[in-house]
Amino acid sequence: METLHSNPRHHLYWITRGQGRVSVGCITRGYGPNTAVFVPAGMVMSLELPQQIQGLLLRIPPDPGIDLPDRPFHLRVSNIEAQASLTGRIERIEREIAGQAPAMDRALKGYGLLISTWITRELARQEGAIARDKTHHLVEKFAQLLAISYHTGAGVADYADRLDITPTHLSRVCKEAAGKPAHALIHERLMHEARALLADTDLSARAISDQLGFSSPAYFTRAFSLATGQTPTAFRAKPRR
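Next comes the structure, spelled out in structure tokens:
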């Protein structure tokens, strides 16, 4: 399972074979063949991708001209025509990008609108399939706060206060929805970002510690070592595949 992270683009996962787990907005569910999972830009998520998984991933830049949902969905698509339609549209986008032909941006905008249309129609076909209980609404609100505040040093009590609930209640609903308590989700998001900053930037451990809201570089190093089994220096020195 990946660690919790967020992306600047919308993600549409189309799983055609295999099964695993996906966490979107700190709500974890299983998925199987012919499952479409949509993750809006900026929402925290993680995905389990076993070796036998096959499917397609479409990354869509935010565009007010392409009407996409502002909430995630997780749908099992049983209609054969709908399955073929989504596969075909994503594959045409892949060919368009690979071809780099004139007016590619215009073509991609058109294909994006076709994807938006497919989503609208499939959601209408399966109306009620993504109903959420009150617990899930609360966890999604926590996930939205986590996406924008993970680097501020906020703890469980701070998030609970912003949600007008007790820290105990927040941890309980997170455990029910994600299989992990709130403090573990906060820590997981921090460690994902720490790994990314160590791998992709030249920032010092002290600078990363400050950027992620740790009280001191020593505390950051200790937390990172416990989470990964390596010091920040050793992690950065390790060759990337």
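Read in order, the letters of the sequence shown are residues 739 to 979 in my numbering. C-beta: ideal position from N, C-alpha, C; glycine also. From a predicted model like this one, the values you see are computed outputs, not experimental measurements.
With DSSP as the reference, please indicate the residues paired to residue i in a beta bridge.
i: Ala774; result: Trp752 and Leu813
i: Leu794; result: Trp752
i: Ile765; result: Val762
i: Ser784; result: Ser761
i: His743; result: Met783
Sort the options by Cα distance to residue i and report the nearest one.
i: Ala822; options: Ser887, Thr773 and Thr959; result: Thr773
i: Ala779; options: Pro771, Ile791 and Pro810; result: Pro810
i: Ala920; options: Ala895, His743 and His889; result: Ala895
i: Val782; options: Phe776, Pro771, Leu795 and Gly763; result: Gly763
i: Thr766; options: His875, Ser963 and Ala915; result: Ala915
i: Trp752; options: Ala820, Cys912, Leu908 and Gln838; result: Ala820
i: Gly756; options: Leu750, Glu832, Leu742 and Pro771; result: Pro771
i: Pro977; options: Ser947, Thr959, Asp938 and Ala961; result: Asp938
i: Leu750; options: Asp808, Arg944 and Pro802; result: Asp808
i: Leu813; options: Val760, Gln838 and Ile804; result: Val760
i: Ile804; options: Lys847, Ala922 and Gly891; result: Lys847
i: Asp801; options: Glu865, Glu860, Asp843 and Ala922; result: Asp843
So, for residue i: in the same chain, excluding its five sequence neighbours on each side, which residues have a beta-carbon less than 7 angstroms away from its beta-carbon?
i: Thr904; result: Ala898
i: Asn745; result: Ala779
i: His874; result: Ile765 and Ala915
i: Arg883; result: What sits at residue 883 in the sequence shown is Leu, not Arg. Correct list, in chain order: Tyr897 and Arg900.
i: Val911; result: Thr873, Leu876 and Val877
Tell me which residues share the same chain as residue i and place their Cβ nearer than 8 angstroms to its Cβ, disregarding the 5 neighbours each side in the sequence.
i: Gly758; result: Gly768, Tyr769, Leu785, Glu786, Leu787, Pro788 and Ile791
i: His889; result: Leu928, Glu931, Gln949, Leu950 and Gly951
i: Arg933; result: Thr741, Thr966 and Phe973
i: Leu852; result: Arg827
i: His907; result: Ala898
i: Thr825; result: Trp752, Thr754 and Leu794
On the premise that residue j lies in contact with residue i, defined as a C-beta separation below 8 angstroms, what is that separation, rounded to the nearest angstrom?
i: Lys879; j: Leu901; result: 6 angstroms
i: Pro970; j: Leu941; result: No, Pro970 and Leu941 are not in contact; Cβ-Cβ is about 10 angstroms, not under 8 angstroms.
i: Gly793; j: Thr855; result: With 8 angstroms as the limit, Gly793 and Thr855 do not qualify as a contact, their Cβ atoms being about 21 angstroms apart.
Residues in the same chain with beta-carbon distance under 6 angstroms from residue i, minus the five sequence neighbours each way, listed in chain order, please.
i: Ala845; result: Glu834
i: His748; result: Pro778, Ala779, Ile798 and Leu806
i: Phe962; result: Ala932 and Pro970
i: Gln968; result: none
i: Glu926; result: Thr741 and Leu742
i: Lys913; result: Pro919
i: Arg944; result: Pro955
i: Ala975; result: none
i: Gly891; result: Gly951
Please classify residue i as buried or exposed, where buried requires at least 16 neighbouring CB atoms within 10 angstroms.
i: Gly850; result: buried
i: Pro840; result: exposed
i: Leu795; result: exposed
i: Ala862; result: exposed
i: Tyr957; result: exposed
i: Leu964; result: exposed
i: Ile987; result: Here the chain has residues from 739 to 979 only, and residue 987 is not among them.
i: Ala836; result: exposed
i: Ser953; result: exposed
i: Ser816; result: exposed
i: Ile946; result: buried
i: Arg827; result: buried
i: Ala881; result: buried
i: Ile831; result: buried
i: Ile857; result: buried
i: Ile818; result: exposed
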